Structure formats: C-alpha cells, structure tokens
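Asker: What the sequence shown shows, in numbering that gives the first Met the number 0, is residues 0 to 82, in sequence order. For each residue, glycine too, the CB sits at the ideal point set by N, CA and C. On a predicted model such as this, the values are computed, not experimentally measured, just so you know. Below: one structure in structure tokens.
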Amino acid sequence: MTKMHTTIIKAQDLFDAGTAKRAGQMWGEAINLYMDCIHTLDGFTSEIEEEQAEALRLREKASAAIEFIDDIRSFVNTDLMNP
C-alpha cells in the first residue's frame, strides 16, 4: 500500500473534524468542515487508482453528511404544533 497524497490526508482530517462537530451537535461548524473537505479535493487527480478512489469516497461521505445535517435541521413535527 502506498502512502496517501497529502491532499487526501488533509481532506480526511477535515472530514474527521466535521464528524466530531456533528457528534457535538455543532451543525454549522460541521457543515463548514465538510465543505472544506470537499473543496480541498476539488481538482484533485492522481494516476494512482487507490488515491482517486479514496478522494471520491471522501467527497461522497462529506456530501452525504451535509445532506444528513440538512435533514435534521429541516425536520418539523407538525403533530407537536397542533394543540
């Protein structure tokens, strides 16, 4: 196994930090970190297939985490609003 590119390592660190913020219910900070992870990988290319796959996996996980947070933040329980 080869050593991962520094860009992927940085993106993984941002993703992990976002996950820690999400666990602490710091939604805005988590979204910002996930977006930073995605932007870090913008334009990343590698001839090594394993690095390309890892970059794609990280982008997909960060995007899914943002969608998850948006779902939580937009949830409205209409039954609780009716007296």
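#1: Starting from ARG51, trace the alpha helix (DSSP H) in both directions and tell me its first and last residue.
#2: Taking Cβ positions, are ARG58 and LEU40 nearer each other than 8 Å?
#3: Please check the pair ILE68 and ALA29, which I expect to be a contact at CB under 8 Å, by giving their CB distance rounded to whole angstroms.
#4: According to DSSP, is THR44 part of a helix, a strand, or is it coil?
Answerer: Let me spell this out:
#1: Reading the sequence as shown, one finds Gln at residue 51 and not Arg. Per DSSP, GLN51 belongs to the alpha helix (DSSP H) from 48–73.
#2: yes
#3: 6 Å
#4: coil
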